[in-house]
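Below you'll find the structure, written out as structure tokens, and then a few comments.
Numbering (the numbering used here), first residue to last: -10 to 100.
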């Protein structure tokens, strides 16, 4: 099937799936640098707090994730929060375009 037979939205969907998955169907892992750590904010229902972390990937893309205090994945991100802006992060998996899977097994290096 030629590329002419796809709609623009179908091509974007194919590109996004390719971007997120490698040739073996596994999640791609990215590297980047923390560029902003937002202060804690209450969740929608006000019973917990979350913090948004913004990362610039080595390929130039901007991505973000929201970490909720008390959730299992918060421990994985705490070292990066402690290191602060400029910390290098590896092991990033994307959930969707522009959103990090907060359950990624990330590792940090102080810059």
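The beta-carbon is built from N, C-alpha and C at its ideal position, and this holds for glycine as well.
Round the Cβ separation of residue i and residue j to the nearest angstrom and send it over; I've been treating them as touching at under 8 Å.
i, j, result
"residue 94", "residue 65", "7 Å"
"residue 38", "residue 29", "4 Å"
Just tell me which of the options has its CA closest to the CA of residue i.
i, options, result
"residue 49", "97, 96, -1, 23", "23"
"residue 58", "36, 73, 79", "36"
"residue 83", "43, 69, 70, 72", "43"
"residue 76", "32, 17, 45", "45"
Considering only DSSP beta bridges, list what residue i is partnered with.
i, result
"residue 97", "78"
"residue 65", "DSSP, once it has assigned bridges, lists no residue as partnering residue 65."
"residue 85", "88"
Between which two residues does the beta strand (DSSP E) containing residue i stretch?
i, result
"residue 39", "38 to 46"
"residue 54", "51 to 57"
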